[in-house]
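J.: Take a look at the following structure, please.
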Amino acid sequence: MGHLDHAAFGLLTPALSYVMAVIGAALGLRCTVRALGTTGRSRRNWLITAASAIGTGIWTMHFVAMLGFAVRGTDIRYNVPLTILSLLVAMLVVGAGVFWVGFGRDRGRALLIGGLATGLGVASMHYMGMAALRLHGSVHYDPPLVTLSVVIAVVAATAALWAALNIKAPVAVAVASLVMGAAVSSMHYTGMLAVGVEVTPAGGPLPGASAMQFIFPLAVGLGSYLFVTSAFVALSPTVSERAAYTSAGLPADPEAAAAEAHGPATTSPTTTPA
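Add 6 to a position in the sequence shown, counting from 1, and you land on the number used in this note's numbering.
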C-alpha cells in the first residue's frame with residue numbers, strides 16, 4: 007500500500023482550491039440570479055455563463071487540490087484527453103441542471119432534478135479526473151466513502167441552486183458561496199479519502215503529462231477566466247439598475263452615456279462674421 011499525501015505543499019493547495027471553488031460558486035449563483043430576472047436569449051446567455059463558471063470553478067478546485075496529491079514510491083501523470091473530457095462533462099452536466107432550474111415551470115421539481123443533475127456532474131468530473139491518473143500501481147476505492155462523496159455533491163448542488171432561487175442580496179449570496187465552496191471541498195477530500203493505491207515498482211516512464219506540465223497552466227488559465235468573468239458580472243448593471251436608469255431617463259449602459267455626453271467629434275462649431 008502506497009503512502010498517500012493529500013497536501014504535499016502544506017495548506018497552500020487546499021486553501022487555494024477552496025478559493026477557486028468559492029469564486030466559481032459565487033459567479034455561478036450571481037449569474038443564475040441574473041438569469042431568473044430576465045427572459046429569452048438573455049436568460050439563456052446568463053445560464054450558459056453560470057454553468058461555465060460553476061463547472062470551471064469545480065474543475066479548477068479539483069485539480070489545484072490534486073497538485074498537492076502525491077504517492078510515495080511512484081510518479082504521477084495525467085491522461086490529457088480524459089482530463090479535458092472531465093472539464094467538458096462538468097460544464098455540460100452542470101449546465102443541464104442549471105438550465106432545468108432556469109426554465110423549469112415547477113420550481114420545487116426543477117430544484118430537485120437540477121440539484122441531482124448538477125451534483126452528479128460534480129461527482130462525475132471528480133471520478134473522471136481520478137480515472138485520468140497514471141501511476142506505477144493500481145488505484146482502488148472504498149465504496150461507502152465514494153457514496154458519501156456523491157451524496158455530499160448532490161446536497162451541495164441542491165443547496166446552491168436553492169440559494170440561487172431564493173437569495174437575492176449580494177451579502178447572502180456571498181455567504182452561500184462560502185458554504186458551497188466548503189461543501190465542494192468536502193466532497194473532493196471525502197472522495198480522496200476513499201482512494202487506496204497499491205504501488206508496483208517499475209522503472210519505465212509513465213504515459214501522460216505531469217501536473218506542472220499540463221494541470222497547472224490549464225488551472226491558471228481557467229482561474230483567470232473566472233476572475234475576468236467575475237469582474238464583468240460585477241460591473242454589468244442588474245435588472246433593477248437598468249429599470250432605475252430607464253425611469254430616470256438615463257441609458258442602461260453608463261459607458262454609452264459617457265460616450266454620448268462627450269460626443270463622437272472633438273471639433274466645435276465656428277461662426278462667421280457678418
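Virtual Cβ for every residue (Gly too), placed ideally from N, Cα, C. This structure is a prediction, so every number in the text was calculated from the model and none was measured.
Quick check for students: name the residue ranges of the alpha helix (DSSP H) that lie wholly in the region 17–68, counting only runs of 4 or more.
T.: 18–42
J.: Who are the near neighbours of S216 in its chain, counting only those whose CB is closer than 7 Å to its CB and skipping five residues on each side?
T.: R83
J.: If you check the beta carbons only, do V28 and A170 fall under 8 Å apart?
T.: no
J.: Should S230 be labelled buried (16 or more other beta-carbon atoms within 10 Å of its own) or exposed?
T.: exposed
J.: Looking at G79: is its Cβ nearer than 8 Å to the Cβ of H146?
T.: no
J.: Once DSSP output is grouped into helix, strand and coil, what is the label at L141?
T.: strand
J.: Three or more beta-carbon pairs under 8 Å between the region 63–74 and the region 208–227, yes or no?
T.: yes
J.: Roughly how many angstroms lie between the CA atoms of Y251 and M97, to the nearest whole one?
T.: Only weak support exists for where Y251 lies, its pLDDT of 48 falling under 50; the coordinates are left without a value.
J.: Check each candidate in R140, Y195, A165, G143 and name the one with the smallest Cα separation from V107.
T.: A165
J.: Cα separation between V190 and A138?
T.: 20 Å
J.: First and last residue of the beta strand (DSSP E) that includes I82?
T.: Element bounds for I82: 82–84.
J.: Given G16, which residues of its chain have a CB within under 7 Å of its CB, disregarding the five upstream and five downstream residues?
T.: Taking G16 as the centre and dropping the five residues before and after it, the same chain places no C-beta closer than 7 Å to its C-beta.
J.: Flag G135 as yes when its Cβ comes closer than 7 Å to any non-hydrogen atom of the ligand MN, and as no otherwise.
T.: As presented, the structure is devoid of all ligands, the ligand MN included, so that no description of it is given.
J.: For G135, tell me which candidate among T19, T206, M218, L91 has the shortest Cα-Cα distance.
T.: L91
J.: Specify, as a first and last residue, the run of the beta strand (DSSP E) that Y202 falls within.
T.: Checking the sequence, you will find Gly at residue 202 rather than Tyr. Segment 201–205, the beta strand (DSSP E) holding G202.
J.: Mind checking S58: buried by the 16 CB within 10 Å criterion, or exposed?
T.: buried
J.: Suppose only complete runs of 3+ residues qualify. What are the beta strand (DSSP E) ranges in the region 125–184, listed by chain order?
T.: 139–141, 143–147
J.: Checking 8 Å against the spacing of the C-beta atoms, do H142 and G74 come in under that value?
T.: Going by C-beta atoms, H142 is not nearer than 8 Å to G74.
J.: Which whole-angstrom value describes the C-beta separation of V77 and F220, a residue pair presumed to lie in contact below a C-beta threshold of 8 Å?
T.: Not quite, the Cβ-Cβ distance comes to about 18 Å (not below 8 Å), so this is no contact.
J.: From the DSSP output, read off the bridge partner residues of A76.
T.: D11
J.: Give every residue of the same chain whose Cβ lies closer than 7 Å to the Cβ of R36, excluding the five residues on either side of it in the sequence, and list them in chain order.
T.: V179, V239
J.: Report, in whole angstroms, the separation of the C-beta atoms of V128 and A175, which I expect to be a contact under 8 Å.
T.: No, V128 and A175 are not in contact; Cβ-Cβ is about 25 Å, not under 8 Å.
J.: To which residues does DSSP link A96 through a beta bridge?
T.: None; A96 has no bridge partner.
J.: Going by alpha carbons, who is nearest to L88 out of S183, R140, L33, L232?
T.: Of S183, R140, L33, L232, the smallest CA-CA separation from L88 is found for R140.
J.: Output yes or no for whether 8 Å exceeds the beta carbon distance between G103 and V160.
T.: Taking the C-beta atoms as reference points, V160 is found no nearer than 8 Å to G103.
J.: For M131, which of E204, V156, T206 has the nearest alpha-carbon?
T.: V156
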